[in-house]
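In order, the protein sequences belong to chains A and B.
Number 23 in the numbering used here belongs to position 23 of the first sequence; there are no gaps in the numbering.
Heads up, the numbering used here is the position in the second sequence plus 320, with the first residue counted as 1.
There are 2 protein chains.
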Amino acid sequence: MEKKPYVIGLDLGGTNSVFGIVDKKANVVASVSVKTRGHGTAEQYVDDCCEALKPIIDQVGGIEKIHAMGIGAPNGNFYNGSIENAPNLEWPGIVPLAQMFSDKLGIPVALTNDANAAAIGEMAYGVAKGMKNFIMITLGTGLGSGIVVNGQLVYGCDGFAGELGHVVIDRSEHARECGCGRKGCIEAYCSATGMARTAREWMAIRNTPSTLRDIPSDQLESKDIAIAAAQGDQLAKEIMDYTGELLGRTCADFANFSSPEAFIFFGGPTKAGDLLMNPVRKAYDENVLFNYKGKAKLLLSELDGAAAAVLGASALGWEL
Amino acid sequence: MEKKPYVIGLDLGGTNSVFGIVDKKANVVASVSVKTRGHGTAEQYVDDCCEALKPIIDQVGGIEKIHAMGIGAPNGNFYNGSIENAPNLEWPGIVPLAQMFSDKLGIPVALTNDANAAAIGEMAYGVAKGMKNFIMITLGTGLGSGIVVNGQLVYGCDGFAGELGHVVIDRSEHARECGCGRKGCIEAYCSATGMARTAREWMAIRNTPSTLRDIPSDQLESKDIAIAAAQGDQLAKEIMDYTGELLGRTCADFANFSSPEAFIFFGGPTKAGDLLMNPVRKAYDENVLFNYKGKAKLLLSELDGAAAAVLGASALGWEL
Numbered sequence: 001m002e003k004k005p006y007v008i009g010l011d012l013g014g015t016n017s018v019f020g021i022v023d024k025k026a027n028v029v030a031s032v033s034v035k036t037r038g039h040g041t042a043e044q045y046v047d048d049c050c051e052a053l054k055p056i057i058d059q060v061g062g063i064e065k066i067h068a069m070g071i072g073a074p075n076g077n078f079y080n081g082s083i084e085n086a087p088n089l090e091w092p093g094i095v096p097l098a099q100m101f102s103d104k105l106g107i108p109v110a111l112t113n114d115a116n117a118a119a120i121g122e123m124a125y126g127v128a129k130g131m132k133n134f135i136m137i138t139l140g141t142g143l144g145s146g147i148v149v150n151g152q153l154v155y156g157c158d159g160f161a162g163e164l165g166h167v168v169i170d171r172s173e174h175a176r177e178c179g180c181g182r183k184g185c186i187e188a189y190c191s192a193t194g195m196a197r198t199a200r201e202w203m204a205i206r207n208t209p210s211t212l213r214d215i216p217s218d219q220l221e222s223k224d225i226a227i228a229a230a231q232g233d234q235l236a237k238e239i240m241d242y243t244g245e246l247l248g249r250t251c252a253d254f255a256n257f258s259s260p261e262a263f264i265f266f267g268g269p270t271k272a273g274d275l276l277m278n279p280v281r282k283a284y285d286e287n288v289l290f291n292y293k294g295k296a297k298l299l300l301s302e303l304d305g306a307a308a309a310v311l312g313a314s315a316l317g318w319e320l
Numbered sequence: 321m322e323k324k325p326y327v328i329g330l331d332l333g334g335t336n337s338v339f340g341i342v343d344k345k346a347n348v349v350a351s352v353s354v355k356t357r358g359h360g361t362a363e364q365y366v367d368d369c370c371e372a373l374k375p376i377i378d379q380v381g382g383i384e385k386i387h388a389m390g391i392g393a394p395n396g397n398f399y400n401g402s403i404e405n406a407p408n409l410e411w412p413g414i415v416p417l418a419q420m421f422s423d424k425l426g427i428p429v430a431l432t433n434d435a436n437a438a439a440i441g442e443m444a445y446g447v448a449k450g451m452k453n454f455i456m457i458t459l460g461t462g463l464g465s466g467i468v469v470n471g472q473l474v475y476g477c478d479g480f481a482g483e484l485g486h487v488v489i490d491r492s493e494h495a496r497e498c499g500c501g502r503k504g505c506i507e508a509y510c511s512a513t514g515m516a517r518t519a520r521e522w523m524a525i526r527n528t529p530s531t532l533r534d535i536p537s538d539q540l541e542s543k544d545i546a547i548a549a550a551q552g553d554q555l556a557k558e559i560m561d562y563t564g565e566l567l568g569r570t571c572a573d574f575a576n577f578s579s580p581e582a583f584i585f586f587g588g589p590t591k592a593g594d595l596l597m598n599p600v601r602k603a604y605d606e607n608v609l610f611n612y613k614g615k616a617k618l619l620l621s622e623l624d625g626a627a628a629a630v631l632g633a634s635a636l637g638w639e640l
């Protein structure tokens, strides 16, 4: 039986919840955005979202045209469709969000974490088309990962596999504190936030002049570093090299796990292109085990940043 | 159609090639051992092995009673049934050993690396029965690993996934050289050989008295350290603690990848039991991400060491 013509994708972020209605050719034919915060309970959030969805669902011919819904959300657990103890959301404990949307909309709903949704999106629509083994690395506030083995997302025993951002790369006393409560996680160095930390730390330690010094410290973003590096700012270039080296050699360690045919990088810092990726590739090649040399491609996602997360979530919906 | 009653398992090691004929209840009903070296070519090795196998095949009623053969071998590639560039074997390049045995014996033959075979053996006969996500760690001359995700061995894009022994745990200038040509791999610290290196290094650096000093340096084995530790030797106990801590915290990093329900340890050093495993468990609990706390069991293989490798290989044969 042919599937109904549309799925709903939801990219649930700490600030915005972006819904898209997506057709079989990956066109986002309608979309709506709802603030994630300020609804009080999760029940009210779902009610408010469904209210906001109504016009765009009607626009495509009503709910009977919608096959299913897919959600990408922080701390999302694919196995039970719940968001569990998400530090950046307002809802404490375990929220069975897939079930709640399914009850309200009357369609099947699947949920996974945002980096896994990105990996599914790359398989369905992006550079991972046809790949059976790859690792998705998303660089944002955190460093997320979605791991695909034998064509399947790796969820592990509990639905929470693929937290490569919390691999420890510095066990010294100088290691940075991570949001997870431990120290030295790669997330604290190579996420967008981690890059800004590097800039603040180096500006404090060094006297090198830099245009980054003109930006108020707490407003400095990875984007500023990329722009400065592109303009030839020495300190910014060194930050790109440092970030790339840490990422590249850590990915070389990850190759020992699943020997992927590609690493796919996504997120704000990747907009720097070769300024980041050249040092990543150099460090990867220098550090990877001889068995794996020359095998994995280090790629940038080609999906449009704004649509990619919604597309990833929608691809999960098509799997239902 | 019911499968024929026996499979052949081959544990191909650097020194000995141990063949076992195994029934459906995991009894090794007959076995024979052949030296791995000294046959000249791989062709001659296969011929000599088949000659040695003939009497035990006849013993169970001839080759028509044998369903298949499974081989566990260093640098074994499951995808093409070849041994590829194995530094500890006499045959250079790529040896299509599965095909060669299959041609000679007239039965299907599968091959994988030794640690993967051990993982398959644990799933079929050992403590991993019924598990869908676990990581096998084998401690011997090297540190091998077999990773199971969604009930399947992780082979990666090239058949060589699961080389966790080559995850780098020390990037300092003091890092130990590893057999792979790089420095700081966990194999250089936590394999049986790595433990002996720790003993030699610490005896050189420290003045602590130890019964280990009575053993000629190049004859010292991990077994001696375990025995000395059990007898209360302080230096030996500290070596067990150090090895366990490195293993435990590195396994905590591995959890970020596949969130396994268990780590299963196998090999000589595990005979030390709690002397090794208590520090492993302590370091694992102290280092693992909060998401995973209390989830993975840290287990010892319960398969008999001598038979386990043959049983693992035979389990691969049953999959054909």
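Glycine included, C-beta positions come from ideal geometry on N, C-alpha and C.
Remember, predicted model here, so these are calculated numbers, not experimental data.
One or two residues paired with residue i in a DSSP bridge
i                      : result
residue 35 of chain A  : A:16
residue 585 of chain B : B:457, B:620
residue 112 of chain A : A:72
residue 472 of chain B : B:469
residue 185 of chain A : A:168
residue 402 of chain B : B:397
residue 331 of chain B : B:338, B:392
residue 343 of chain B : B:326
residue 66 of chain A  : A:6
Backbone secondary structure at residue i - three-state DSSP
i                      : result
residue 528 of chain B : coil
residue 199 of chain A : helix
residue 397 of chain B : strand
residue 451 of chain B : coil
residue 99 of chain A  : helix
residue 554 of chain B : helix
residue 609 of chain B : coil
residue 30 of chain A  : strand
residue 596 of chain B : helix
residue 177 of chain A : strand
residue 578 of chain B : helix
residue 630 of chain B : helix
residue 158 of chain A : coil
residue 215 of chain A : coil
residue 317 of chain A : helix
residue 464 of chain B : strand
residue 107 of chain A : coil
Candidates the options: closest to residue i by CA position
i                      : options                    : result
residue 400 of chain B : B:348, B:333, B:478, B:464 : B:478
residue 604 of chain B : B:507, B:531, B:618, B:444 : B:618
residue 424 of chain B : B:628, B:441, B:369, B:405 : B:369
residue 509 of chain B : B:323, B:490, B:436, B:357 : B:490
residue 552 of chain B : B:532, B:586, B:563        : B:532
residue 492 of chain B : B:334, B:484, B:505        : B:505
residue 577 of chain B : B:612, B:449, B:392, B:621 : B:612
residue 26 of chain A  : A:34, A:7, A:33            : A:7
residue 641 of chain B : B:324, B:404, B:357        : No answer is possible for residue 641 of chain B: the residues shown for chain B start at 321 and end at 640.
residue 93 of chain A  : A:100, A:102, A:99, A:83   : A:83
residue 268 of chain A : A:44, A:308, A:131         : A:308
residue 304 of chain A : A:274, A:207, A:127, A:249 : A:127
residue 518 of chain B : B:606, B:495, B:574        : B:495
residue 575 of chain B : A:138, A:301, A:161        : A:161
Whole-number beta carbon distance between residue j and residue i, since they are thought to touch under 8 Å
i                      : j                      : result
residue 89 of chain A  : residue 108 of chain A : Not really, about 23 Å apart at Cβ, beyond 8 Å.
residue 417 of chain B : residue 362 of chain B : 7 Å
residue 340 of chain B : residue 630 of chain B : 4 Å
residue 511 of chain B : residue 466 of chain B : Not quite, the Cβ-Cβ distance comes to about 15 Å (not below 8 Å), so this is no contact.
residue 555 of chain B : residue 537 of chain B : With a Cβ gap of about 14 Å, residue 555 of chain B and residue 537 of chain B do not count as contacting.
residue 133 of chain A : residue 476 of chain B : 5 Å
residue 583 of chain B : residue 455 of chain B : 5 Å
residue 123 of chain A : residue 148 of chain A : 7 Å
Could you list the residues in the region 570-586 of chain B with a C-beta less than 7 Å from some C-beta on chain A, going in chain order?
573, 576, 577, 578, 579, 580, 581
What are the residues in the region 92-120 of chain A lying within 7 Å of chain E by C-beta distance?
In the structure shown, chain E cannot be found, because the protein chains are A and B.
Short of 9 Å Cβ to Cβ, which residues in the region 154-168 of chain A face chain B?
154, 155, 156, 157, 158, 159, 160, 161, 162, 163, 164, 165, 166, 167, 168
What residues in the region 178-189 of chain A bring their beta carbon closer than 9 Å to a beta carbon of chain B?
180, 181, 182, 185
Under 8 Å (Cβ pairs) to chain B, residues found in the region 75-86 of chain A:
none
Return the residues of the region 611-640 of chain B that lie within a Cβ-Cβ distance of less than 9 Å from chain A, sorted by chain order.
611, 612, 615, 616
Mind checking the region 443-456 of chain B against chain A and listing, in chain order, the residues whose C-beta falls within less than 9 Å of any C-beta there?
451, 452, 453, 454
Name the residues in the region 461-472 of chain B whose C-beta lies less than 9 Å from a C-beta of chain A; which are they?
465, 467, 469, 470, 472
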